[in-house]
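Here the sequence shown is numbered in the numbering used here, starting from 2 and rising by one per residue.
Don't be surprised by glycine CBs; every beta carbon is placed ideally from N, CA and C.
One structure is given here, and the rest of the page talks about it.
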Amino acid sequence: MLQTLVNALKTPELRKKILYTAFIILIFRIGAAISVPFTNAAQGIIDDTTSAGNFMNYLNMMTGDAFNYSTLFAMSITPYINASIIMQLLGVAIPALERLSKEGDVGRKKLQRITRVVAVIIAALQSTAYFFYLRSGGYLSTDANGLAFTGFSAVLQALVVIITLIAGSAIMMWLGEQINAKGIGNGISILLFAGIVSRIPQDTIMMWEAFKRGGLYYAYAPLAAILIIAGILFIVWVDNSERRIPVVYAKRVVGRKMYGGQNTNLPIKVNISGVMSIIFASSILSLPPTVRMFVDSKIADGSGWDKFFDMFDAERWFYGIMYFILIIFFAYFYSSIQYNPVEMANNLRRNNGTIPGIRPGKPTSEYLQKVLNRIVLIGSLLISVVAILPIVYSQITNATGAQMNIALGGTSVIILVGVALETVRQLESQLMVRQYKGFLS
């Protein structure tokens with residue numbers, strides 16, 4: 002892996018892309034340190050003792066501490082992720098959007114514009130909820146007498162905070178697209194990766210502090226570290242696993258030359274969706290807590306709505322079950338977008354390729370669909386185990402809140418490892434064109 006990076010840096014074109022991506026990450030980290038006007042969150046706004054604490058820790062993980070300190074990129078890339086989910090789901094249900102997705106580059110650009118608009122709308126809703134939370138928690142600036150602004154000043158304060166947060170989310174969306182166009186890796190994944198990595202030192206210190214408390218923490222802290230290392234190794238193994246379907250190409254004569262007659266295979270990754278099913282599932286489960294931020298002051302303790310929103314606490318069994326189900330759902334959904342068994346079967350038939358024991362045409366497509374269904378199920382189940390492991394851990398050990406921050410959970414580990422492998426694999430594919438030998442050779 003390090004050799005691949007060294008070889009990439011020796012290549013002028015790839016070096017330019019890597020440095021450009023690093024520059025975008027630097028801009029992201031600078032924006033994550035610039036406070037929003039009229040806010041006062043120098044000590045952080047996350048309270049791990051509240052029911053919303055774990056949800057906020059999740060958002061903080063996705064933003065690299067920007068959410069906790071009310072900075073320019075407090076909303077991060079999450080509105081764009083949610084907008085992408087919505088557009089992909091609507092693309093299946095609405096024929097007009099499905100037609101756009103099949104119109105090539107022109108249709109894709111139109112869908113991107115619509116996705117950006119939806120992302121801005123979602124960013125506006127989340128920014129408004131965030132503002133109300135800041136106001137209810139006393140994290141907004143006050144007048145000279147220490148009182149909250151009223152009248153026109155209060156309206157101006159609200160507009161400045163909300164518009165600034167929306168602008169920050171739009172900038173993040175633009176930064177991700179710039180990485181896609183001129184850098185290395187998937188822009189959304191790279192920015193999430195950078196945010197999570199920025200929190201590693203802080204989370205490591207938190208684990209060490211838990212270890213120094215003594216008692217059962219002597220066992221809990223090392224156990225958490227072991228589970229994280231084991232999770233990384235397990236994710237790498239799953240990500241590199243694939244199902245190879247044998248394919249035989251018939252011999253054919255064209256002019257005086259003979260083509261075909263080869264035995265090869267059709268590789269299908271076990272973890273087809275990569276990190277996207279994790280990102281999509283966690284983003285969907287963040288919606289109920291976002292709604293709660295709007296109405297939290299109006300919900301009575303112990304009421305039906307209070308119990309409903311508590312179910313989406315990241316350390317509850319209900320959250321774990323829903324997370325598990327959504328990961329599997331989005332794994333199937335994402336695979337249906339990436340792989341079309343009918344098209345794959347037609348391509349094989351056009352190239353005189355067949356799967357041994359399977360007739361060409363419809364039987365081949367049905368066989369490929371059956372294989373895909375099994376692979377997606379196995380891959381999503383394996384990834385789900387890692388994703389919900391921290392929830393099970395917190396329930397067994399009761400190491401919640403600051404003792405076992407969600408940023409050290411399975412979601413962050415999967416995103417980190419998945420993005421790293423995907424980016425290095427992308428570098429490797431470009432190096433192979435230039436006849437370099439990397440770690441995947």
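For residue i, is the classification buried or exposed, using 16 other Cβ atoms within 10 angstroms of its Cβ as the cut-off for buried?
i	result
ILE407	Reliability fails at ILE407, whose pLDDT of 46 lies under 50, so the model's placement of it is uncertain and the value that follows must be treated cautiously. Result: buried.
ILE104	Residue 104 is actually Glu in this sequence, not Ile. It is exposed - the Cβ of GLU104 has fewer than 16 other Cβ atoms within 10 Å.
PHE313	buried
LEU234	exposed
ASN266	exposed
GLY152	exposed
ARG293	buried
SER154	exposed
ILE19	buried
GLY169	buried
SER304	exposed
ASN374	exposed
LEU3	exposed
VAL434	exposed
PHE331	buried
PHE309	exposed
LEU382	exposed
If you drop the 5 nearest sequence neighbours on each side, which residues of the same chain put their C-beta closer than 8 Å to that of residue i?
i	result
GLN158	PHE39, LEU141, SER142, PHE150
THR22	ILE180, GLY184, ILE185, GLY186, ILE191
VAL387	GLY232, PHE235, ILE236, GLY411, VAL414, ILE415
GLY45	ASN69, TYR70
In chain order, what residues of the same chain have a beta carbon less than 7 Å from the beta carbon of residue i, not counting five sequence neighbours either side?
i	result
THR365	ALA346, LEU349, ILE356, ILE359
ASN272	VAL239, ASP240, GLY380, ILE384
GLY275	GLY419, GLU423
VAL161	PRO38, PHE39
ASN83	ILE123, SER284
PHE132	ALA159, VAL162, ILE163
ILE87	VAL119
GLU178	GLY188
To which residues of the same chain is residue i closer than 6 Å at the C-beta, ignoring the five residues directly before and after it?
i	result
MET277	TYR335
ASN264	VAL249
ILE100	The residue asked about is misnamed: residue 100 is Arg in this sequence, not Ile. Taken in chain order, the list of residues that qualify is empty.
SER242	VAL271
LEU73	GLY32, ILE35, GLY169
SER283	THR412
ILE26	ALA195
LEU60	PHE68
When you compare only the Cα positions, how much space is there between residue i and residue j?
i	j	result
GLY188	TRP209	33 Å
ILE338	ASN181	19 Å
ILE280	VAL7	30 Å
ILE246	LEU192	35 Å
ASN353	ILE78	45 Å
LEU327	ILE31	34 Å
ASP66	GLY196	8 Å
PRO289	ALA124	15 Å
VAL119	PRO361	43 Å
SER329	ASP204	The question names Ser, yet the displayed sequence has Ile at residue 329. Spanning the two alpha carbons is a distance of roughly 29 Å.
VAL121	ASN41	25 Å
TYR320	LEU286	8 Å
ILE163	PRO80	14 Å
ARG16	PHE24	12 Å
SER430	ALA421	14 Å
LYS426	ALA9	This sequence places Arg at residue 426; Lys is not what is there. Spanning the two alpha carbons is a distance of roughly 12 Å.
THR12	ASP106	29 Å
ALA43	GLU367	58 Å
LEU126	ALA171	13 Å
GLY139	LEU369	57 Å
PRO268	VAL372	11 Å
ILE389	TYR134	28 Å
ILE227	VAL198	19 Å
ARG109	ARG351	27 Å
ILE322	ASN341	29 Å
What distance in whole Å lies between the Cβ atoms of residue j and residue i, which are believed to be in contact at a cut-off of 8 Å?
i	j	result
SER128	MET76	6 Å
LEU428	THR5	6 Å
VAL37	LEU166	6 Å
ASN69	ILE47	5 Å
GLN112	LEU98	In the sequence as presented, Gln is not what sits at residue 112; that position holds Leu. The pair is a contact, with the Cβ atoms about 7 Å apart (cut-off 8 Å).
MET62	ARG200	7 Å
VAL377	TYR333	5 Å
SER85	GLY92	So it is not a contact: roughly 10 Å between Cβ atoms.
LEU148	ILE28	Not quite, the Cβ-Cβ distance comes to about 37 Å (not below 8 Å), so this is no contact.
ARG117	MET174	7 Å
Closer than 7 Å: is that where the CB of residue i sits relative to any heavy atom of the ligand NAP?
i	result
GLU14	With respect to the ligand NAP, the structure offers nothing, as it holds no ligand at all.
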